[in-house]
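At position 99 of the sequence shown (counting the first as 1) the number is 103 in this note's numbering, and the numbers step up by one without a gap. Each residue gets a CB set at the ideal place from its N, CA and C atoms; glycine is no exception. For reference, the structure is listed below as structure tokens.
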Amino acid sequence: MNIQPSKKMSLFAPAIFGDLKNHAKLQQQKGMELIDLSLGSPDIPPAENLRKKMSELTALSSSYGYTLTGIQTFNEAVCRYYKRVNGVDLIPETEVVQTIGSQEGLVHLPVAFCDPGDIVLTTNPAYVAYDAGIHLAGAIPYYMPLTKENNYLPDLKAVPEDVLQNAKLLILNLPGNPVPAMPSLEYFEEVVAFAKNYNIIVLHDAAYSEFYFKGDAPISFLATPGAKEVGLEINSLSKSFSLAGTRIAYIVGNAELVSIMKQLKSNLDFGIFEPIQQVAALALDNAEDVTAELRKTFSARHNALMEGLQSIGWEVAPSDGGMFVWAQYPQDMNCVDFAFKAIEETGVVMVPGTVFGSEGEGYMRLALVQPVEMLQKAVARLATL
């Protein structure tokens, strides 16, 4: 049988993550101790009360039905969380929609709003799921570079007028992956005015909103005056509550946009396992306690890796939050070759910057997913390159 993938599959190139893992496994078989800083998969387990609640609920025979668009308990918990943490009022019935993790929501959202040929404003570098969603919708990405000169924020004023006239969607991620730049109210006010002027929908990916290490929490896009008129915010419990494997996230904001997402979702899935939703609601209602401990751990890791890399001559993007460090290495070598060289000679597994876009050349993304002592060991090994 001659099996051929669809032409659209040519837009979804195999990710390099598998190659990095295989190369790392090969070095491990040779006796190399690995320090894996590649994937942003939380290494800290969920809080004990969340694990206990999950165990209790999964034992109930009543827990195994379809949940369709989600249970009211979860939607109300999201609204309480947004009110307490961000000062944002949300209506649970009309301004919240669940997604099966943020990846699923991010990939499907352009399908709901973009026709083939529409332009989506995204960043370079950016989280890989954004491009996947844009291509799935048949839309065209327009890449806004994230540069040191602009504090790693996309420069909206630099987008050409003809692009803006055909743009349908703007995707932002602050603090971001791979670049953990922090937002400001002034910047979000500029975004709102920009979106209104050009009739562009805004999606802000707030997956790392609880990962801040100095001062106040990052500003929610929806806390910006007028933001709910133009956009949405997506947030996940994967990182902030160590619930990555449960695959639960949510999109909140403009009621009309949420309604369209609900319509799409009703044709894609039948909802998330109810015990997961109940546990997520419990996590959100106890967010201050859960995330405070998380921040202590990740703040120590962040400082250790930032300072360590700087001490060996790496230039690190300034950041006070996020789950990653974005750093420029001093060696004269393209980033893919450097990543494989680092695995072979040091056992440190990192993601080359060009995975996230051409502006990532010369950079590595390092995840804060190891204890401080292992991060210090990683730095010591990288110093030998």
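Of the other Cβ atoms in all chains shown, 16 or more fall within 10 Å of the Cβ of Asn239; this residue is therefore buried. Here the region 239 to 249 makes contact with the region 46 to 55; the two share three or more CB pairs at distances below 8 angstroms. Partner residues in the beta bridge of Trp330, as assigned by DSSP, are Arg369. Within the same chain, Leu288 and Ala291 come within 7 angstroms of Tyr85 by CB-CB distance, once the 5 residues on both sides are set aside.
Taken through DSSP and simplified to helix, strand or coil, Pro279 comes out as helix. Beta-bridge partners assigned by DSSP to Val89: none are found. Around the CB of Leu41, 16 or more other CB atoms lie within 10 Å, so the residue is classed as buried.
Within the same chain, and ignoring the five residues on either side of Thr228 in sequence, the residues whose Cβ sits closer than 7 angstroms to its Cβ are Leu189, Phe192, Glu193 and Val196.
Looking from the CA of Lys87, the closest CA among Val167, Gly257, Gly22 and Leu174 belongs to Gly257. Around the C-beta of Ala308, 16 or more other C-beta atoms lie within 10 Å, and the residue is accordingly described as buried.
Taking a cut-off of 8 angstroms on C-beta distances, the region 10 to 18 touches the region 121 to 140, as three or more cross pairs fall below it. Along the length of the region 52 to 105, whole alpha helix (DSSP H) runs at least 4 residues long occupy 52 to 62 and 76 to 90, reported in chain order. Within the model, the alpha-carbon separation for Gln169 versus Ile144 is close to 13 angstroms. Annotation for Asp324: no alpha helix (DSSP H) segment contains it, and DSSP assigns it neither H nor E. Excluding the 5 residues flanking it on each side, Gly109 has same chain C-beta neighbours closer than 7 angstroms at Thr103, Ile238, Ala253 and Ile255, in chain order. Closest by C-alpha distance to Gln380, out of Thr350, His208 and Gly361, is Thr350. In this structure, DSSP gives Lys34 a state outside helix and strand, which the three-state scheme calls coil. In terms of Cβ geometry, Ile75 and Gln332 do not form a close pair [threshold 7 angstroms].
If you look at Asp273, you'll find it isn't in any beta strand (DSSP E); DSSP assigns it neither H nor E. When DSSP states are grouped into helix, strand and coil, Ile138 belongs to the helix group. Residue burial annotation: Phe274 is exposed, with fewer than 16 other C-beta atoms found within 10 angstroms of its C-beta. Under DSSP, Glu237 shares a beta bridge with His208 and Val256.
If you look at Met337, you'll find it isn't in any alpha helix (DSSP H); DSSP assigns it neither H nor E.
Residue range Ile144 to Pro149 is occupied by the beta strand (DSSP E) that includes Met148.
Inter-residue distance for Leu94 and Ala382 is about 44 angstroms (C-alpha atoms, whole angstroms).
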